[in-house]
Each structure stands twice: as C-alpha cells, then as structure tokens.
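There are 2 protein chains.
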Amino acid sequence: MEHAVNNAHPDHQSDMLFDSQDKHGLYKTVFNRRDVRGQFKPEPIPDEVLSRVLYAAHHAPSVGFMQPWNFMVIRDNDKKQQVHDLFDVAHNEAAEMFPEEKRETYRSLKLEGIMESPLNICITCDRDSAGPTVIGRTHIKTMDQYSSVCAVQNLWLAARAEGLGVGWVSILDQRKLQELLGIPRKIIPIAYLCIGYVDHFYNKPELESAGWLPRQPLSELVHFDSWQNTRTPEQDSLIAQINKDRDFPEQF
Amino acid sequence: MEHAVNNAHPDHQSDMLFDSQDKHGLYKTVFNRRDVRGQFKPEPIPDEVLSRVLYAAHHAPSVGFMQPWNFMVIRDNDKKQQVHDLFDVAHNEAAEMFPEEKRETYRSLKLEGIMESPLNICITCDRDSAGPTVIGRTHIKTMDQYSSVCAVQNLWLAARAEGLGVGWVSILDQRKLQELLGIPRKIIPIAYLCIGYVDHFYNKPELESAGWLPRQPLSELVHFDSWQNTRTPEQDSLIAQINKDRDFPEQF
Chain U
1 MEHAVNNAHP DHQSDMLFDS QDKHGLYKTV FNRRDVRGQF KPEPIPDEVL SRVLYAAHHA
61 PSVGFMQPWN FMVIRDNDKK QQVHDLFDVA HNEAAEMFPE EKRETYRSLK LEGIMESPLN
121 ICITCDRDSA GPTVIGRTHI KTMDQYSSVC AVQNLWLAAR AEGLGVGWVS ILDQRKLQEL
181 LGIPRKIIPI AYLCIGYVDH FYNKPELESA GWLPRQPLSE LVHFDSWQNT RTPEQDSLIA
241 QINKDRDFPE QF
Chain A
1001 MEHAVNNAHP DHQSDMLFDS QDKHGLYKTV FNRRDVRGQF KPEPIPDEVL SRVLYAAHHA
1061 PSVGFMQPWN FMVIRDNDKK QQVHDLFDVA HNEAAEMFPE EKRETYRSLK LEGIMESPLN
1121 ICITCDRDSA GPTVIGRTHI KTMDQYSSVC AVQNLWLAAR AEGLGVGWVS ILDQRKLQEL
1181 LGIPRKIIPI AYLCIGYVDH FYNKPELESA GWLPRQPLSE LVHFDSWQNT RTPEQDSLIA
1241 QINKDRDFPE QF
C-alpha cells in the first residue's frame, strides 16, 4: 500500500504518514498521561511552556468550528482556596453516597491538588459563541460541550509531553464554581484542572493501583456492526491482533 | 529548574520530561489532525494499525477509572448505508434550520464520509459500567460522557499519527442510531466516526478555509482568576507570550 504522496498542493499537508519517531512521541504521551493529584511541585510554569500547552488545547476539534472554549487561568491563592472549600463540601457529600464498606477507602484517596499546584485552569463552553444554529449541533445538542472536552484532552497530552502533571477536579458544585469565578450563566464550566511540575508520574492510574477497579481487557469492549456482536479471535482477526498487542501500552 | 530525576522506583515513570523529538511528535499530531469528510480511500485498515489506535482510545482518562466506552466497529455495507440514510434525513432537517442566506453554503458542504471510508466506529458511554456511584461523577453527572469524548480524541490523534483520517458525524438522530446499532437504551452513542486512509490532509480546517468562521485569536480566550478579567500584553506576560507564539501551530 502506498500512503505517502508527493504533495505539492499549497492547501495540503505534505506529510501523510508520520515517521516512527513522531508516532512514538504521540503514543508515549497517550500512554504516560496520568490524572495527577498528589505529586505537584510549587515551581511556576514558564509562560512559553503554558503558551504551547494552550495552543494545543485551542487546536482541538470543535463542532462547526465554533471553538466554544475559554481558558480561565487561576493563580490567585484566595481564589484557589475558595475553590478548595467548594471541593471539601462536595467531597464530604460524595463520601456519604458510597456504601459503607467503600467509604473509608474513598476518604483515604487524594483526589485534588488545587493548592499544591501553582496554577489551575478552568476550561469552559460558550454555547452561543457561534450563533444559535451550529453545523453539526443541530441534532446532538451536547456536541459543543464535547468540543470543550477535546480541548481538555489536548491540553492534558501537551502538558504531559512538557513534563507537567494535570488533574481534573470534578467533585465540585458546578453552579457554585460558576458563581465563584464570575462565569456568565449561559457558559458552562466544563473542567477544573490543576497543573504543575511533579515529583514523579505513576506507571499506572492510581485507582487501578489502589485496586478500586481493574483495567478492562480491550477485546471485551469491541463489538462488530451490532451491539453484543462480539467475536472470538477465531472469528475476527482484529480481536486476535488486540489480544496479541496486550502489552503495547507498556512499551512506552 | 531541574525536572528530570533519576527515578528507580518501580511504580514511577522513568521519563519526567520528554525529549524534543517526542514533544515534536505530539504537537505535530495535534496541529495536523483534521476532521476528514471527503478524501477517504477505500483500502482497508490493517488490523495491527487499528489495534494500536483502539489501545490509544482505551487509555484515555476516565472518571473514577470507570472506562465507560465500548467500540463498535462497523464494516457491513448495509449497516453503513442505513446510517447514511439517517444522516440524509437529519442533514435535510438541519439545512432548514439555517437562515436562508447560509442555507446554500450549508448544503454545498461535504459533511460525512460514511460510505467512502472503509470503516466506521461508534464510541459509546455505558453509564452503569462501574455501578451507580462513581468517584468524581457524584456532582457532575456528565463526567462519564466526557470520558468517552476523551477516548474519541485519543483515537483521533493516534489515527492521524498513523496516517488515517477521521471524521465525526454528528448530524444524526441519536435515538434512531441507537436502535439501528442495537445499542441498549441506557448506553449513549457518543461519537459516530468515519475512518480510513486519505488522499491528503488539509492544512487548515475546512470550515475555516471555506470562510464559515475564522480561527479565534487565542489571547482573546484567556481570562485571569475571574471572567472578563482579560489582560493586555503589558499587563500579563502570558498574553505577550501567546501573541509571540501566534505561528507556533504552523511550524509542524
């Protein structure tokens, strides 16, 4: 198969296939990204690093090219403390929702690094940023929120490549967070992120290491043409390949 | 600043900072990823490539490590045609929603590659995949859907690194898509993706080139500590850096 083309068209990208080093960089970032809560160091993030990470977020896909995101950079300690207070309230409420046998474990988990990280970023979704009718949002109304989530994931990956840890704090009353940050009512705070350099990155997600939940085998999550139409390695060569590649993520 | 550590702990990643080649691979992928609709080639995707791309999706972050996603691989032509019929209906409905002066432009846009791409993938969200109470979903109920969106973005980036185009088709009646694919009612179809090798990737998003909407300047999307607390380059060095880096995405 010939994927590479000699492409001199000014509107076209010249690289069809990326070389193995570029692919390695992408996969290494994907498989080494972690949700960081407890390993933040206080040293500041240089502007030139933060700028690159924000450009990565800004180049996420967005429905109808609406770019619904804004990036709120929170450096003020009082503001961070107030967000942390919101977390405390929600975290206590959350603990009560778990069955008693899991409550102790839940309380023992470190779930945020709001104060320890030098910087927090709130990524929002402005549903009106491109007018009332948006290409691709006519039938699935949440597509704009999904776009902002893609920006979160781009930021997270770029941060990891830059040696920065990111943690997504979702144990918060969204409405109170919105008031605290002065975000207009029609704009949704999608993700509250803690970001900073870290002592170390863990090899595995902390909830996996803690035995909270296991990693699902990928082959069990794949269906063909219709739900429940799963197949064995004998029936479908893709399943055989997925089973063979079981250790692929560990190679980075 | 010293970010790299000599890290011999078995649970810790050894690489704190990635080298410049790894960073280049990540940024190159982020900035060259496109929503592909019209450039698909029919040649099949090798199992070993598809397997790697699916592993990237499966290693997305997920709230409470619930991994709510499933991956429905749609290769059957009749099934694809039925999805395409759903698109046609929704696309006609959508055209009527635009003001008359934009309707012609809307109709002229190529917005899906369902039949031309060799493979479609539907990524779903099973809200019950980790029981009723999920760490981090206690207060923001949509966090599980956001996790599946992170899987979409990981898949999209891995695909681009492998030379594969991906297009997200969101002009569909979600409920009818769910019935057509036999997805249980409590499981949400988050993204319907077309995937395959392409003739070329465009330099810019098609809606940007078509003049539908311009790229927003990043510096205008950044706020500090509170909404509307935007700053000039003189007031904040991050804004100056962002303006200086205006061409950073074009370097890849």
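Chains as they are written, first to last, in the numbering used here: chain U, 1 to 252; chain A, 1001 to 1252.
Yeah, the Cβ is synthetic: ideal placement off N, Cα and C, and Gly gets one too.
Point to revise | Near-chain A residues of the stretch 72-89 of chain U - C-beta to any C-beta below 8 Å | key: Met72, Val73, Ile74, Arg75, Asp76 and Lys79
Check your understanding: Opposite U:Thr291 in the DSSP bridges: which residues?
Key -> A query on residue 291 of chain U cannot be resolved here, the shown segment of chain U reaching from 1 to 252 and no further.
Point to revise | CB contact check: A:Arg1127 to chain U, cutoff 9 Å | key: no
Review point. In whole angstroms, what is the alpha-carbon distance linking U:Val73 and U:Ile121?
Key: 5 Å
Review point. Leaving out the 5 sequence neighbours to the left and right, which residues in its chain are closer than 6 Å to U:Met1 when beta-carbon positions are compared?
Key: Because the pLDDT at U:Met1 is just 40, under 50, the model does not fix this residue reliably, and the value given afterwards should be weighed accordingly. No residues qualify anywhere along the chain.
Check your understanding: How many angstroms separate the CA atom of A:His1084 from the CA atom of A:Ser1014?
Key -> Their backbone Cα atoms lie some 47 Å apart in a straight line.
Practice item. Could you tell me which of A:Asp1199, A:Asp1173, A:Asn1203 and A:Gln1241 sits nearest to A:Glu1093, measuring between CA atoms? Key: A:Asp1173
**Study point:** Under 9 Å by beta carbon: chain U residues contacting A:Gln1013
**Key:** The contacting residues are Asn32, Arg34, His200, Phe201, Tyr202 and Asn203.
Practice item. Measuring alpha carbon to alpha carbon, tell me which of A:Ala1158, A:Asn1243, A:Glu1220 and A:Pro1118 ends up nearest A:Pro1044. Key: Nearest of A:Ala1158, A:Asn1243, A:Glu1220 and A:Pro1118 to A:Pro1044, Cα basis: A:Pro1118.
Review point. How about A:Phe1098: is its C-beta nearer than 9 Å to some C-beta of chain U?
Key: yes
Review point. Taking U:Asn154 as the reference, which of U:Val166, U:Met143 and U:Asp11 has the closest Cα?
Key: U:Val166
Exercise for review: Round the Cβ separation of A:Ile1114 and A:Phe1087 to the nearest angstrom and send it over; I've been treating them as touching at under 8 Å.
Suggested key: 6 Å
Point to revise | U:Met115: contacting residues in chain A (beta-carbon distance under 7 Å) | key: For U:Met115, no chain A residue has a Cβ inside 7 Å of its Cβ, as the nearest lies near 15 Å away.
Check your understanding: Excluding the five sequence neighbours on either side, which residues of its own chain have a C-beta within less than 7 Å of the C-beta of U:Lys28, listed in chain order?
Key -> Phe252
Point to revise | Proximal residues of chain A, C-beta to C-beta of U:Ala56 below 9 Å | key: Leu1026, Tyr1027, Val1030, Phe1031 and Pro1249
Review point. Is it the case that the Cβ atoms of U:His223 and A:Phe1071 are separated by a distance below 9 Å?
Key: Contact: yes.
Review point. So what's A:Val1169 in DSSP terms, helix, strand or just coil?
Key: Here A:Val1169 sits in strand by DSSP.
Practice item. Using DSSP bridges, identify the partner residues of A:Leu1259. Key: The structure shown does not extend to residue 1259 of chain A, since chain A is modelled only from 1001 to 1252, so the question has no answer here.
Check your understanding: When we look at the beta-carbon of A:Pro1214 and count the other beta-carbons within 10 Å, is it buried (16 or more) or exposed?
Key -> exposed
Check your understanding: In chain U, what lies closer than 8 Å to A:Ala1130 by C-beta?
Key -> Leu213
Review point. Excluding the five sequence neighbours on either side, which residues of its own chain have a C-beta within less than 6 Å of the C-beta of U:Tyr202, listed in chain order?
Key: Arg34
**Study point:** Counterpart residues of A:Met1072 in DSSP-defined beta bridges
**Key:** U:His223 and A:Cys1122
Review point. CA-CA distance, A:Glu1051 and U:Ile242?
Key: The amino acid at residue 1051 of chain A is misidentified as Glu; the sequence shows Ser. Straight-line Cα distance between these residues: approximately 5 Å.
Point to revise | Nearest-angstrom Cα separation, counted from A:Ser1219 out to A:Thr1232 | key: 9 Å
Point to revise | Contact list for U:Asp173 against chain A, beta-carbon separation under 7 Å | key: Going along chain A in sequence order, the residues near U:Asp173 (Cβ under 7 Å) are His1139.
Review point. With respect to the alpha helix (DSSP H) encompassing A:Ser1089, which residues constitute its N-terminal and C-terminal limits?
Key: According to the sequence displayed, residue 1089 of chain A carries Val and not Ser. Where A:Val1089 is concerned, the enclosing alpha helix (DSSP H) stretches over Asn1077 to Met1097.
**Study point:** Check whether A:Pro1068 and A:Ala1130 have beta carbons under 9 Å apart
**Key:** yes
Review point. What does a CB cutoff of less than 7 Å around U:Asp199 pick up in its chain, not counting 5 residues either side in sequence?
Key: Apart from sequence neighbours up to five positions away, the residues of its chain that approach U:Asp199 with a beta-carbon distance below 7 Å are Gln39 and Lys41, ordered along the chain.
Exercise for review: Under the assumption that A:Thr1133 contacts U:Phe65 (Cβ atoms under 8 Å), give the Cβ distance between them as a whole number of angstroms.
Suggested key: Contact doesn't hold; Cβ gap of about 38 Å is too wide.
Check your understanding: Which residues of chain U have a Cβ atom closer than 7 Å to the Cβ of A:Thr1133, listed in chain order?
Key -> Met97 and Phe98
Review point. Does any residue of chain A bring its CB to less than 9 Å from the CB of U:Lys244?
Key: yes
Exercise for review: Using a Cβ-Cβ cut-off of 9 Å, state whether A:Thr1142 counts as contacting chain U.
Suggested key: yes
Check your understanding: What three-state label does DSSP hand A:Asp1267 in the structure shown?
Key -> The structure shown does not extend to residue 1267 of chain A, since chain A spans only 1001 to 1252, so no value can be given for it.
Review point. For the candidate residues A:Glu1206, A:Leu1181 and A:Gln1216, whose alpha-carbon lies nearest to that of A:Asp1076?
Key: Checking every option, the nearest Cα to that of A:Asp1076 belongs to A:Leu1181.
Check your understanding: Nearest to A:Lys1141 by CA position, among U:Val36, U:Glu234 and U:Ala191, is which residue?
Key -> U:Ala191
Review point. Checking contacts by CB at 9 Å: is A:Phe1040 closer than that to chain U?
Key: no
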